[in-house]
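Q: I'd like to ask some things about the structure below.
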Amino acid sequence: AIASFHAFCQGIFSSDPNQPLQADAIGLQTLTEDALRNAFQVSTENPLVGVQGRLKLLQRLGEALQQHPTVFGSPSPRSGSLINYLLGQTRHGQLEASTVLSAVLFGLGGIWSGRLTIAGDNLGDVWVHSALPNDRPYSQLVPFHKLSQWLTYSLLEPLQTVGLDIIGLDRLTGLPEYRNGGLCVDLGLLQIKDPIVLQQAHLPSSEVIVEWRALTVILLDRIAETIRQQLNLNATDLPLVKILQGGTWTAGRRIAAERRPNGSAPIQIESDGTVF
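This is the structure we're talking about:
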């Protein structure tokens, strides 16, 4: 996050030297791998998983900004215009968290490569699991939208800063990523039936990863309920987003560092940086 902030301040996402503090369509589309590596201080001693995948994601973000002028403005679309769009979606100073997620999914859905599509629309972080009944079209699809929900959570504070009351936080899910999921495995909440699962790396589309992530979403809700009961708080006083940020993610990272020298997840993932 700090590296991203400094990169933004240095203007590497802007195409206009006179307006460095913006991320515009052209600036993102012309971003180079060297610039990204330098911004994140990537080296053999400080590796970053999926640099090329992250670069392509940012470049496709630039394309998405141009494709959705109603959300990102024109004639010079930029990511910051999303705030102006959301301000127009409020009612009596209130904004549904699901409205923010819908805007993110609509405006940025096209940036995810190699994903399932329906009628030409990219589904993003949605995968198939054969254990679900196949009795109607698309009934075996499992939606996660982890990065889109993470971005949505990240947008909530600046939206509150401009005076909006964000409601309906409970309509978003926990984030099915490797720190939260790793916590569930390392603590024994989830147990691996076949030891070979821990000896191989798995693609995000594999049923091992899909099942792990789906169970993580369910367990995060149960963890949140337990914590609230222990603290005598309700979902309004202690929403899931606070439990994720201040609890499960940090705990997952800490126990991973205790269990494995490199602090990796208990289940290995072949990631290009566009899912986790």
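Following the numbering used here, the numbering of the sequence shown begins with 63 at its first residue and continues without gaps. We put the CB at the ideal spot given by N, CA and C, even for glycine.
(1) Using CA coordinates, which residue listed in 311, 235, 220 and 109 is at the minimum distance from residue 242?
(2) Residue 288 CB to nearest chain D CB: under 8 Å?
(3) Taking all protein chains shown into account, do 16 or more other C-beta atoms lie within 10 angstroms of the C-beta of residue 200, making it buried, or fewer, making it exposed?
(4) Comparing C-alpha positions only, which one of 198, 329 and 72 sits nearest to residue 273?
(5) Have a look at the DSSP bridge pairing and note the partners of residue 205.
(6) To the nearest angstrom, how far is it from the Cα of residue 148 to the Cα of residue 129?
(7) What are the residues that DSSP puts in a beta bridge with residue 179?
(8) Hey, residue 214 and residue 166 are a contact pair by Cβ (cut 8 Å); roughly how many whole angstroms apart?
(9) Looking at C-alpha atoms only, which residue of 267, 322, 94 and 290 is the closest neighbour of residue 119?
(10) By Cβ distance, which residues of its chain are closer than 7 Å to residue 158, with the 5 residues on each side in sequence left out?
(11) Quick check: the Cα distance between residue 278 and residue 219, rounded to an integer number of angstroms?
(12) Can you say whether residue 126 is buried or exposed, counting buried as having 16 or more other CB atoms within 10 angstroms of its CB?
(13) Helix or strand or just coil, what does DSSP make of residue 157?
(14) Per DSSP, residue 263 forms a beta bridge with which residues?
(15) Residues in the same chain with beta-carbon distance under 6 Å from residue 117, minus the five sequence neighbours each way, listed in chain order, please.
(16) Pull up the distance between the alpha-carbon of residue 100 and that of residue 190, whole angstroms please.
(17) From residue 288 to residue 76, what does the alpha carbon distance come to, in whole angstroms?
A: On the basis of the coordinates in this document:
(1) Walking along the sequence shown from the start, residue 242 turns up at place 180. Comparing alpha carbon positions, the residue from 311, 235, 220 and 109 closest to residue 242 is 311.
(2) No chain D is present in this structure, which holds just one protein chain.
(3) Within the sequence shown, the letter at position 138 stands for residue 200. Residue 200 comes out exposed.
(4) Translated into positions along the sequence shown, residue 273 becomes position 211. Taking only the C-alpha atoms, the option nearest residue 273 is 329.
(5) For the purposes of this step, residue 205 is taken as residue 143 along the sequence shown, with counting starting at 1. Answer by DSSP bridge pairing, in chain order: 188.
(6) Within the sequence shown, the letter at position 86 stands for residue 148. Within the sequence shown, the letter at position 67 stands for residue 129. Straight-line Cα distance between these residues: approximately 17 Å.
(7) By 1-based counting over the sequence shown, the position of residue 179 is 117. DSSP, once it has assigned bridges, lists 184 as partnering residue 179.
(8) For the purposes of this step, residue 214 is identified with residue 152 of the sequence shown, where counting begins at 1. For the purposes of this step, residue 166 is identified with residue 104 of the sequence shown, where counting begins at 1. Sure, about 6 Å apart at Cβ, within 8 Å.
(9) Residue numbering aside, residue 119 sits at position 57 when the sequence shown is read from its first letter. The closest CA to that of residue 119, considering only 267, 322, 94 and 290, is found on 94.
(10) Here residue 158 is taken as the residue at index 96 of the sequence shown, counted from 1. Within the same chain, residue 158 has close Cβ partners 229 and 230.
(11) Within the sequence shown, residue 278 is the residue found at index 216, counting from 1. Within the sequence shown, residue 219 is the residue found at index 157, counting from 1. About 25 Å.
(12) For the purposes of this step, residue 126 is identified with residue 64 of the sequence shown, where counting begins at 1. Residue 126 comes out buried.
(13) In the sequence shown, residue 157 corresponds to position 95, counting from 1. Here DSSP, grouped into helix, strand and coil, assigns residue 157 to strand.
(14) Start at 1 with the first residue of the sequence shown, and residue 263 comes out as number 201. Partner(s): 330.
(15) Locating residue 117 in the sequence shown gives position 55, counting from the first residue. Cβ within range, chain order: 95 and 98.
(16) Position 38 of the sequence shown holds residue 100. Position 128 of the sequence shown holds residue 190. If you take the alpha carbons of residue 100 and residue 190, they lie about 37 Å apart.
(17) Here the question's residue 288 lines up with position 226 in the sequence shown. Here the question's residue 76 lines up with position 14 in the sequence shown. Distance between the alpha carbons of residue 288 and residue 76 is about 45 Å.
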